[in-house]
Structures are given as structure tokens and as C-alpha cells.
Amino acid sequence: MSEPISRRRFLELGAATAAVPHFHVPVRRRAPAPAAVSSANGLRSVQIAVEKMRAGVSPVEAAVLGIEPVENDPEDDSVGYGGLPNEDGVVELDACVMDGPTGLAGAVAALRNVKNPAKVALLVLRRTDHVLLVGEGALRFARAHGIPEENLLTEASRRKWLAWKESRSKTDDWLEPGENEPAGARPKVERKTGTIHVGCVNEAGDLGGATSTSGLAFKIPGRVGDSPLIGCGNYVDNEVGVAGSTGRGEAVILTNGAAYVVHAMRQGRSPTDACLDACRRVVACTRIPRLLDGKGRPDFQVNFYAVNKAGVTGAAALFPSRHARMTANGPELVDSAALFER
Ligand code: GLY
735 MSEPISRRRF LELGAATAAV PHFHVPVRRR APAPAAVSSA NGLRSVQIAV
785 EKMRAGVSPV EAAVLGIEPV ENDPEDDSVG YGGLPNEDGV VELDACVMDG
835 PTGLAGAVAA LRNVKNPAKV ALLVLRRTDH VLLVGEGALR FARAHGIPEE
885 NLLTEASRRK WLAWKESRSK TDDWLEPGEN EPAGARPKVE RKTGTIHVGC
935 VNEAGDLGGA TSTSGLAFKI PGRVGDSPLI GCGNYVDNEV GVAGSTGRGE
985 AVILTNGAAY VVHAMRQGRS PTDACLDACR RVVACTRIPR LLDGKGRPDF
1035 QVNFYAVNKA GVTGAAALFP SRHARMTANG PELVDSAALF ER
């Protein structure tokens, strides 16, 4: 995707990056069209994001607007309203946004009673001198901006939480249905780390990204994953690209996943290859037996998504997975590159 650059531009770039001479600096070029990439639950989101960018909305705000319907959707139990709660049965949401042109970011973590945390993260970016607000402080900030509060726990999510709580131990006082009767059903509940990330590039080649999640299902209250952490669940470098992640947040935090992808793109890697590099890094950093399967591979999933300044999208995961993208070809749900077969 590179193109010749003038001697003057070459010298400017060289001066700007004198402190990091090992990095290849990609050439700035215009994106062929607005483009967006997202997790598999973001097919609507990438369409909305690109429509918004075509209408002149900035990439970071377009990403937030793309995420909003998924946050509002009670059927998606990994994001926003209807997200699976913490171990006390309380929904706690995390989100962050990053704006390429200004290099600013905003984030909220462990936010309760507000279903659109990405919107609050955008307010943190625009209306504070901070990057991250958590818990009660984040809620008070949202309240100050007139964001409505509501109970985020749907009946379906409450039932899943109760089934999880009742099936945890045979030595506590919470009994599964039927345990006081001769025979009973024992529903199995999966602990998920679903999330949505949307990365955007507009026609001018400006970038923005947002990530939003309810985090790990039934987490310890106050647990924060990668999603609200800049450089982990979302990262933007307006000269290079935007990247984000979903899956086991702890593994992404320990590898600074999204920043790793963007730095790899800065060194000339394609978005997909950069995402694969980050997956390999997760594997290399996962060493303790309790996190490995019988083949010595991580026993969890991590996905990375990226779009570069030229509008090229890519994604990779540890295990087979899909992602959504919107390019000149329209909205698509496509396979991600994968390190391992299931
Ligand atoms: N990736 C979402 C989380 O771990 O919270």
C-alpha cells in the first residue's frame, strides 16, 4: 500500500520519529472510501458508522453511533442493556473511545445503570481533561450530563446469572432447580467475554475507534477488562490505523493488544498480519497450565480487528472466528484469520 514520498516529506517524517528510529513510518495516503471493521456482532454497526462518516460525522463519533444499537439490544448479552451481570447480579459496563486527529481518548469502567457507556466515554473525551472515569465517579459524571439511568438487568440475563450462581458449588446454600426434588434440570451457563469494537476511517484518512462491553460474565464486582483501557481494547494512531479486541480481556491487557497491532502496522504489516502478530504474542505470553488446553494452546479466545489509514480492514483470532466490515464492497460478515483450528 506504500507510494513514493517527496524528499521534504521524508525528512519531516524522519525528524518526527527520531526518538523511535526502529519504526518504519507508513506513508500518509487518502483512504479510497470510508471503511469500518467490527466484531461479528457489529454488522449493523459498520453500516451505520460508514453512513455517518459519509454524512460528515467524525470517525470516533461514527464508531460510537454504530455501537449504540448493539448496546440497546437486549438480545446481545455481552454489551450494554441485557449484558450479563457481575457475581452479585449487577450489570457493570466498560467502554472507551479514541479520536485519531486529536489523539485524545475517553473511557468509563464499571459503570452501572447507563446502557450506552461508549457515549459516556465520548463525553469524557470531549468534556473533561481526563481519560478514564470509573464506578461511582463515572455514574455521577453521566448524571451531570443528563444521561438517563435504568436497570440494565433483563429477565433473561437474571435467569442466566441465577443458573450460574446455583450451579457453582455443591457445598453452598444455593440449590439448582430440582435438587430438593427427585430429579431436576441442570442448565449449563457459559461465562463469556463478548464485546463490540468498531474501528473507522473516513475519506480524509482520519481514524477513530470505540469498544463497549459488559465484560466477563459473573465477574468479581469491579473487575475491569481490556475494553476501557486505551492500548488494550482499542487504540488509534492517526498516521497508521485503528485496532481493537474482543475475548479474554486479561490476555489482551497483559499484551497491550490493540497498541501492539497498531505498532505492527506502523512497521509495515498489513491489518490482518498485524492482528495475527498480536495473537502470537498472546500465545507467547500465556504460559501457566490453568490457561492452557490439552494441546498446550490458550484455552480461551481472543480476537483482534484493524483498519489502516488506506481503508484496508483485517482481523485475526486465536481460534476460527468471524468479523464484520464495511468497505466499498458493502457490509459483509467474513472469516477472520486464525492461528489454530478448533
Ligand atoms: N474483552 C472484554 C473483557 O474481557 O471484558
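The sequence shown begins at 735 in my numbering and counts up by one. Every residue gets a Cβ at the ideal spot worked out from N, C-alpha and C, and that includes glycine.
Item: Answer yes if the segment 875-884 comes into contact with the segment 901-912, meaning at least three C-beta pairs across the two stretches below 8 Å, and no otherwise.; Value: no
Item: Buried or exposed: where does H931 fall if 16 or more other Cβ atoms within 10 Å of its Cβ makes it buried?; Value: buried
Item: Determine the DSSP secondary structure at V976, reduced to helix, strand or coil.; Value: strand
Item: For the ligand GLY, I want to know if L818 counts as a neighbour, meaning its beta carbon is within less than 7 Å of at least one of the ligand's heavy atoms.; Value: no
Item: Just to confirm my understanding: we take R861, look at its own chain, exclude 5 residues before and 5 after, and list those with CB closer than 8 Å. What are they?; Value: H879
Item: Taking the continuous beta strand (DSSP E) assigned at P1023, which residues delimit it?; Value: Here P1023 belongs to no beta strand (DSSP E), and DSSP marks it neither H nor E.
Item: Helix, strand or coil: how does DSSP classify N1063 here?; Value: coil
Item: The ligand GLY and D828: does the residue's C-beta get closer than 7 Å to at least one heavy atom of that ligand?; Value: yes
Item: Between which two residues does the beta strand (DSSP E) harbouring F1038 extend?; Value: 1036-1042
Item: Quick test of your reading: P1065 and N1042, contact by CB under 8 Å. State the CB separation rounded to the nearest angstrom.; Value: With 8 Å as the limit, P1065 and N1042 do not qualify as a contact, their Cβ atoms being about 19 Å apart.
Item: First and last residue of the alpha helix (DSSP H) that includes V784?; Value: 777-788
Item: Report the three-state DSSP secondary structure of N990 (helix, strand or coil).; Value: coil
Item: Taking the beta strand (DSSP E) that G943 falls in, what are its first and last residues?; Value: 941-947
Item: V986 to D807, Cα distance in whole Å?; Value: 26 Å
Item: Quick test of the definition: if touching needs 3 or more C-beta pairs under 8 Å, does the segment 961-981 touch the segment 839-851?; Value: yes
Item: Per DSSP, V1080 is paired with what?; Value: This structure does not reach residue 1080, given that the chain is present from 735 up to 1076, and the question cannot be answered.
Item: When you compare only the Cα positions, how much space is there between R892 and P955?; Value: 16 Å
Item: Is the beta carbon of G981 closer than 8 Å to that of T945?; Value: no
Item: Taking the beta carbon of G790 as the centre, do at least 16 other beta carbons fall within 10 Å, making it buried, or is it exposed?; Value: exposed
Item: Any heavy atom of the ligand GLY closer than 7 Å to the Cβ of G949?; Value: yes
Item: Are L818 and K899 close, meaning C-beta to C-beta below 8 Å?; Value: no
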